Amino acid sequence: MTGNLQAIGFLFSWVLGWGIGGSLIDAGLIQAGVYSLETGQLGTLTTFVLWTLLWGAAGAWLYRRFTTTTPESGSPD
2 MTGNLQAIGF LFSWVLGWGI GGSLIDAGLI QAGVYSLETG QLGTLTTFVL
52 WTLLWGAAGA WLYRRFTTTT PESGSPD
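For what it's worth, our numbering labels the leading residue of the sequence shown as 2, then goes sequentially.
Below is the structure:
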């Protein structure tokens, strides 16, 4: 697979994971009664911001991990 296709696949997977994960967390908190949609959107906003920061950090870490090249040992110069 070419580098561009890998990048597109990574981005697609990351956005899909972000959306599904955030929705599941939000639904779980609403179901548990932590907050309600009828009383305002502050709980949803807090979940969105915290999940975005966490998922963004994870995505940046994965991006650096997969795009960093390591010198191969024993290769001639």
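Backbone N, C-alpha and C define an ideal beta-carbon position, used for all residues, glycine too. Predicted model, so just to flag it, every value in this text is computed and none were measured.
Where residue i falls: helix, strand or coil (DSSP)
{"i": "Q7", "result": "helix"}
{"i": "S37", "result": "coil"}
{"i": "W15", "result": "helix"}
Span of the alpha helix (DSSP H), counted from its first residue to its last, around residue i
{"i": "Y64", "result": "43 to 68"}
Whole-Å CB distance - residue i paired with residue j, under 8 Å assumed
{"i": "I31", "j": "S24", "result": "No, I31 and S24 are not in contact; Cβ-Cβ is about 11 Å, not under 8 Å."}
{"i": "G22", "j": "W62", "result": "Not quite, the Cβ-Cβ distance comes to about 16 Å (not below 8 Å), so this is no contact."}
Same chain, Cβ closer than 7 Å to residue i, neighbours up to 5 away in sequence not counted
{"i": "D27", "result": "T45, T48"}
Own chain partners of residue i with C-beta closer than 8 Å, once the 5 adjacent residues on each side are dropped
{"i": "V35", "result": "G44"}
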